[in-house]
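Enquirer: Below is a structure I'd like to ask you about.
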Amino acid sequence: MEYRRLGNSGLEVSEICLGTMTFGEQNSETEAHRQLDHAVASGINFIDTAEMYPVPPRAETQGRTERYIGTWLRNQPRDQLVLATKITGAGRTSLNHVRGGPRVTREQVRRAIDDSLQRLQTDYVDLYQIHWPDRYVPKFGQVYYDPERRWESEPIDEQLRALAEQVEAGKIRYLGLSNETPFGVMAFVEAARRHDLPVVTSVQNAYHLMNRSFETGGLAEVCNELDVALLPYSPLAFGHLTGKYVDNPAATGRITQFPDFGQRYEKPNAAAATRAYVELAREHGLTPAQMAIAFTLRRPEVAATIIGATNLTQLEENIAATDVSLSAELLEAIDAIDARYPNPTV
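FYI, in my numbering the residues of the sequence shown are 280 to 625.
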């Protein structure tokens with residue numbers, strides 16, 4: 280396991296980060312603790328969660344993931360772990376059970392971090408992220424920006440001030456963004472410079488073989504120039520890039536268990552692209568999952584790739600991707616598939 284600097288922060292994180300969105304829905308507390316134990320034993324020091332989890336989000340389960348981590352974390356050497364969580368973004372009425380409608384305001388930030396710390400059974404989090412912007416942006420499979428859909432949002436300067444107060448209080452070490460645009464990252468960095476506030480150190484966005492918009496949409500340049508790390512999530516495209524749905528469309532997984540979840544993976548070219556990448560990996564003697572994860576790790580902006588699993592076998596295979604090196608020939612073949620099916624799940 281290699282360790283990389285997290286953007287402009289002083290944190291060194293394992294190149295694999297354990298995602299936990301299945302804890303409390305697809306995984307029991309005992310299973311969650313086993314995954315956490317195995318991850319740490321494998322050299323992982325970076326754990327990512329969110330107040331909204333598990334997924335799919337429901338009022339009955341909201342916060343359960345953080346609670347499962349908390350009952351594990353209280354018996355761990357806290358200073359040897361990098362713990363990240365997120366405040367829920369605005370604009371989704373299905374999440375009105377979170378503080379009556381989540382926003383990134385001073386009062387809601389204070390309540391959100393205090394509630395997360397209580398569930399996590401810790402005094403601080405190392406990285407606190409805005410799960411998605413408080414303002415309108417296309418996200419989760421939406422493509423086109425429509426200015427008519429904008430709503431009145433909390434100014435970025437005020438969001439940053441609210442977060443800075445919690446940094447000053449010692450509850451947060453570093454700040455991050457998620458599901459953000461190049462404009463958003465630049466606006467937060469500019470606000471920090473203008474008001475002498477903490478600068479965001481990372482952005483957690485979808486990035487994988489079937490969604491390379493980080494590379495093509497301007498965000499890679501922004502992250503390079505501003506020293507903001509990328510934390511790719513969904514490197515396996517909700518399990519599609521493991522090949523299990525190619526082999527068996529009815530295979531057990533999040534997509535079949537929750538049919539309305541992840542509809543972006545049902546777009547016209549997604550199935551053909553998936554099959555092409557799966558066949559390519561197997562031709563080169565790799566498992567499709569390991570090729571997909573190794574692909575994300577090759578980028579210099581990536582501090583850690585976030586993986587999720589529902590069992591230890593999957594977790595072991597995903598972690599083993601750190602030993603995989605993609606040849607120039609294989610990368611050229613990947614680019615050729617991308618040219619045929621550019622960003623089919625964006």
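All C-beta atoms in this analysis are idealised placements derived from N, C-alpha and C, irrespective of residue type, glycine included.
Under a three-way DSSP split, which group does H376 fall into?
Expert: Three-state DSSP puts H376 in coil, outside helix and strand.
Enquirer: Between the C-alpha atoms of H519 and R353, what's the straight-line distance to the nearest angstrom?
Expert: Approximately 35 Å, taken between the alpha carbons.
Enquirer: Is the beta carbon of A555 sitting closer than 8 Å to the one on I598?
Expert: Not closer than 8 Å, so no.
Enquirer: Sorted by chain position, which residues of the same chain lie with C-beta nearer than 6 Å to T521's C-beta, five sequence neighbours on each side aside?
Expert: Only L515, P567 and A568 meet the Cβ criterion.
Enquirer: Looking at L576: is its Cβ nearer than 8 Å to the Cβ of E294?
Expert: Yes, these two residues count as a Cβ contact at 8 Å.
Enquirer: On the DSSP bridge assignment, give the partners of Q483 in chain order.
Expert: DSSP lists S457 as partners of Q483.
Enquirer: Helix, strand or coil for R533, going by three-state DSSP, please let me know.
Expert: It is helical.
Enquirer: I need the DSSP call for F467, collapsed to helix, strand or coil.
Expert: If DSSP states are grouped into helix, strand and coil, F467 belongs with the helices.
Enquirer: Grouping DSSP H, G and I as helix and E and B as strand, with all else coil, what is F574?
Expert: Residue state, collapsed to three classes: helix.
Enquirer: By the DSSP assignment, the alpha helix (DSSP H) with A549 in it spans what residues?
Expert: Taken as a continuous stretch (DSSP letters only), the alpha helix (DSSP H) holding A549 covers A549 to E562.
Enquirer: Can you tell me where the alpha helix (DSSP H) holding E500 begins and where it ends?
Expert: It spans L498 to L505 - the alpha helix (DSSP H) in which E500 sits, taken as one unbroken run.
Enquirer: Along the chain, where does the alpha helix (DSSP H) that runs through I435 open and close?
Expert: Here the alpha helix (DSSP H) through I435 covers I435 to E447.
Enquirer: In three-state terms, what does DSSP make of S642?
Expert: Outside the displayed range of the chain (280 to 625) lies residue 642, so it cannot be described from this structure.
Enquirer: Does the distance from the C-beta atom of C296 to that of D316 stay below 8 Å?
Expert: Result no, Cβ atoms of C296 and D316 do not sit closer than 8 Å.
Enquirer: Once you ignore the five residues that flank A499 on each side, which residues in its own chain have a CB closer than 7 Å to its CB?
Expert: Result list for A499: F493 and E580, in chain order.
Enquirer: In or out: A448 buried (at least 16 other Cβ within 10 Å) or exposed?
Expert: Under this definition A448 is an exposed residue.
Enquirer: Could you spell out where the beta strand (DSSP E) holding I585 opens and where it closes?
Expert: First-last of the beta strand (DSSP E) with I585: T584 to I586.
Enquirer: When DSSP builds the beta bridges, which residues end up paired with F302?
Expert: For F302, which the question treats as bridged, DSSP gives the partners N306.
Enquirer: Does the beta-carbon of W351 have 16 or more other beta-carbons within 10 angstroms, so that it is buried, or is it exposed?
Expert: By the 10 Å Cβ count, W351 comes out buried.
Enquirer: Quick one: what does DSSP say P383 is sitting in, helix, strand or coil?
Expert: Per the sequence shown, residue 383 should be read as Val rather than Pro. If DSSP states are grouped into helix, strand and coil, V383 belongs with coil.
Enquirer: Taking the alpha-carbon positions, what's the A583 to V479 distance?
Expert: Approximately 16 Å between the Cα atoms of the pair.
Enquirer: Under the three-state reduction of DSSP, which class applies to D425: helix, strand or coil?
Expert: D425: coil per DSSP, three-state reduction.
Enquirer: Determine, using beta carbons only, whether R382 comes closer than 8 Å to chain C.
Expert: Considering every chain present, this structure includes no chain C. It has just one protein chain.
Enquirer: Using the Cβ count rule (16 or more neighbours within 10 Å means buried), how would you classify S604?
Expert: Exposed, because fewer than 16 other Cβ atoms sit within 10 Å of the Cβ of S604.
Enquirer: Can you look up I323 in the DSSP assignment and give me helix, strand or coil?
Expert: If DSSP states are grouped into helix, strand and coil, I323 belongs with coil.
Enquirer: Shortest alpha-carbon distance to R389 belongs to which of H474, E291 and A443?
Expert: Of H474, E291 and A443, the residue nearest in Cα terms is A443.
Enquirer: Checking the sheet assignment: what are the DSSP bridge partners for L488?
Expert: According to DSSP, L488 bridges with nothing at all.
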